[in-house]
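Have a look at the structure below before the remarks.
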Amino acid sequence: MDDDHDGQRLDNFLMRLCKGVPKSHIYKAIRGGEVRVNKGRVGVDHRLAVGDIVRVPPLRLPEQKVHFVPPGEFPVVFEDEAMLVIDKPAGVAVHGGSGVDFGVIEQLRKSRPQAKFLELVHRLDRDTSGLLMIGKKRSALVGLHQSLRDGGWSKHYLTVVSGDWVNDRQHVRLPLTKWTTKSGERRVRVDPDGQVAHTIFSLKQRYGAFSLLDAELKTGRTHQIRVHLASSGFPIIGDDKYGDDDVNARLASSGFKRMFLHAHTLSLLHPLTGERLELQAPLPPDCVAFLEELATP
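Heads up: the sequence shown begins at 1 in UniProt numbering, then just goes up one per residue.
This is how it looks when you write it as structure tokens:
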């Protein structure tokens, strides 16, 4: 076992090593004693250490259709030996699954075959653009996750909503819970018994029927900004899950066919050096053009 897996849980290590094998098979093999660490039986939550020898039994893969993954590179905002930060375009998933054959992480691994370790630090919705972090070392990934849990990140998004936003600065604290539609689509809604969720919205510019806002995430729940805004009566334009269908259709017919949500700035301490990083991804050209059109008398 090398440094990249030091401190990693056994079940997570096996799921990464045995991609495609159902989780139930992996857990059954561990609990049945077929997986051994240093010749001994261990639990699924056992933490691996440098030098450990892991015995993995033959595990049957389900028959799968092989999908072609094209190599892909994306605009780099920051990169060193520990981490990579890219400017993800809208319309690209961060990983495969749920009807998507591949995403950013699979394309990066394909284009960087020499890289021993590439893992997503966090996620962005498929239709959200902007800053996305990838760990290049397990120690960096663990450090970034801990910093995120401790509130050591400052994350800001830019978004345009339908409606004339009232307050210059507004805290929205609405608890959220996940649910699934009859068609199997994942959604999120406000629920008094849901997880705590907190977003701070600041008005940047009014455009009559629309408003440009800065959204600062204080928690990181799925679809948090989108649901907080929609539930407040100001849906994000182009949001096909929580937005206004009539407004979206009108904007699409005039040429703007994406959700206006962009991960704009990120401030955090480097997980290994402790250096303060101030990262920024400028608004994409289609968003800039849309704002210019709104500003035109």
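Each residue gets a CB set at the ideal place from its N, CA and C atoms; glycine is no exception.
{"Query": "Let me confirm a value: E106 is counted as buried when at least 16 other C-beta atoms fall within 10 Å, else exposed. Which label applies?", "Result": "buried"}
{"Query": "Using the rule of at least 16 other Cβ atoms within 10 Å of the residue's Cβ for burial, across every protein chain shown, is F68 buried or exposed?", "Result": "exposed"}
{"Query": "Compare the beta carbon distance of V188 and K178 with 7 angstroms and say whether it is the shorter of the two.", "Result": "yes"}
{"Query": "Entirely within the region 214-274 and at least 3 residues each: give me those beta strand (DSSP E) ranges in chain order.", "Result": "261-269"}
{"Query": "Please return the same chain residues whose Cβ sits closer than 7 angstroms to the Cβ of residue 351, not counting the five positions on each side in sequence.", "Result": "Any answer about residue 351 is impossible in this case: the structure gives the chain only from 1 up to 297."}
{"Query": "For D256, which residues of its own chain have a beta-carbon under 8 angstroms away from its beta-carbon, when the five flanking residues on both sides are left out?", "Result": "One detail in the question is off: residue 256 reads as Phe in this sequence, not Asp. Correct list, in chain order: I237, G238, D286 and F290."}
{"Query": "Starting from V188, trace the alpha helix (DSSP H) in both directions and tell me its first and last residue.", "Result": "Where V188 is concerned, there is no enclosing alpha helix (DSSP H), although the beta strand (DSSP E) it sits in stretches over R186 to V190."}
{"Query": "Applying the criterion that 16 or more other CB atoms from any shown protein chain within 10 Å of the CB defines a buried residue, is G243 buried or exposed?", "Result": "buried"}
{"Query": "Using a Cβ-Cβ cut-off of 7 angstroms (strictly less than) and excluding sequence neighbours within five positions of S147, which residues of its own chain qualify?", "Result": "W153, L268, L269 and P271"}
{"Query": "Using DSSP with H/G/I as helix, E/B as strand and the rest coil, what is I53?", "Result": "coil"}
{"Query": "Could you tell me whether the region 43-60 touches the region 5-14, where touching means 3 or more Cβ pairs closer than 8 angstroms?", "Result": "yes"}
{"Query": "Alpha carbon to alpha carbon, how far is P282 from I86? Give it in angstroms, no decimals.", "Result": "12 angstroms"}
{"Query": "Roughly how many angstroms lie between the CA atoms of D168 and K204, to the nearest whole one?", "Result": "8 angstroms"}
{"Query": "Between the C-alpha atoms of L212 and P235, what's the straight-line distance to the nearest angstrom?", "Result": "12 angstroms"}
{"Query": "Could you please give me the residues that DSSP links to Y207 through a beta bridge?", "Result": "F210"}
{"Query": "Whole angstroms is fine: what's the gap from D214's alpha carbon to V227's?", "Result": "15 angstroms"}
{"Query": "DSSP state of H122, grouped into three classes?", "Result": "coil"}
{"Query": "Give a yes or no on contact between the region 160-174 and the region 111-131, applying the rule of three or more CB pairs nearer than 8 angstroms.", "Result": "no"}
{"Query": "Can you list, in chain order, the residues of its chain whose CB lies under 6 angstroms from that of V160, leaving out five sequence neighbours each side?", "Result": "F210, L212, I237 and F260"}
{"Query": "Tell me the rounded alpha-carbon separation between V56 and P192.", "Result": "44 angstroms"}
{"Query": "Considering just the uninterrupted stretch of the beta strand (DSSP E) at L59, what are its terminal residues?", "Result": "It is not in any beta strand (DSSP E) - L59 carries neither H nor E in the DSSP assignment."}
{"Query": "Who are the near neighbours of R126 in its chain, counting only those whose CB is closer than 6 angstroms to its CB and skipping five residues on each side?", "Result": "A93"}
{"Query": "How many angstroms separate the CA atom of V42 from the CA atom of H25?", "Result": "16 angstroms"}
{"Query": "Determine the direct distance from the alpha carbon of V35 to that of D240, and round the result to whole angstroms.", "Result": "45 angstroms"}
{"Query": "According to DSSP, is E73 helix, strand or coil?", "Result": "coil"}
{"Query": "What is the DSSP secondary structure of residue 298, reduced to helix, strand or coil?", "Result": "Residue coverage of the chain in this structure runs from 1 to 297, which leaves residue 298 outside it and unanswerable."}
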